[in-house]
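Undergrad: Using UniProt numbering, the letters of the sequence shown map in sequence onto residues 1 to 171.
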Amino acid sequence: YRVLERLNLDVHSPFFQRIKTTTTKGLDTVLIQDTSVLKMIENSFENGALAKFGDSYSDIHKFLSNYWEAVQQQYGYAWDMKPRESRLTHGVGIVSLGYIMDAISYKLSDRWSTPPTSIFLKELALLGNDIAWTEGTWKFSNKMMLPWNELQNTARHIELVTNFLIRRYRI
């Protein structure tokens with residue numbers, strides 16, 4: 001929770017006062033559930049990009065800030081919307097993009113321990129801008145399509161979105 005709080009209270013963080021916690025309750029800028037950010041962080045600690053940092057909170061903070069700053073730049077239109085208007089700020093988007101963060105980190109690990117925002121941005125650009133964060137349809141396969149706003153914060157939907165994004169990233 002220390003990592004989450006630091007992201008939420010650091011004026012330079014893309015999560016600054018955007019995560020719903022007891023310290024930010026009532027602010028107009030709060031859009032993202034703390035449980036979604038915590039799940040993303042915990043997943044990455046278990047066997048992803050953050051595992052390499054151990055207890056180095058400053059390195060973890062820098063890594064997460066760089067990555068999510070790139071997400072904010074790449075998908076700014078969806079980053080500034082409420083979860084009911086954007087699946088990017090919804091749990092399904094935060095957790096799925098956490099897995100993409102791990103994939104990008106693994107790809108770049110021979111060059112950087114903490115890639116700069118500009119490098120993360122180049123990697124995120126490989127996903128494209130036509131992702132159905134705020135409108136349209138998620139086309140997971142020829143037989144599996146869902147309107148953007150039907151995605152929920154469930155294990156099944158997180159897996160669908162993660163696999164969709166991973167396929168785009170690796171193509």
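Don't be surprised by glycine CBs; every beta carbon is placed ideally from N, CA and C. Quick caveat, the model's predicted, so the values are computed rather than measured.
1) Return the chain-ordered list of same chain residues with a C-beta closer than 6 angstroms to the C-beta of V3, the five sequence neighbours on each side being excluded.
2) Report the rounded CA-to-CA distance for F164 versus A51, giving the unit in angstroms.
3) For a quick check, are the C-beta atoms of T24 and Q17 less than 7 angstroms apart?
4) With three or more C-beta pairs closer than 8 angstroms as the rule, is the stretch 98-109 touching the stretch 74-86?
5) Cβ of V92 within 7 angstroms of Cβ of K39?
6) If you measure between the beta carbons of S13 and S65, is that distance less than 7 angstroms?
7) Mind reading off the beta-carbon distance from V30 to I19? Whole number of angstroms is fine, and I expect it under 8 angstroms.
8) Count the other C-beta atoms from every protein chain shown that fall within 10 angstroms of the C-beta of W133, then say buried if there are 16 or more, exposed otherwise.
9) Thinking just about the alpha-carbon of each residue, which of W148, T35 and L126 is nearest to the one in R170?
TA: Concretely, from the data shown:
1) I41 and I60
2) 24 angstroms
3) yes
4) no
5) no
6) yes
7) 7 angstroms
8) buried
9) L126
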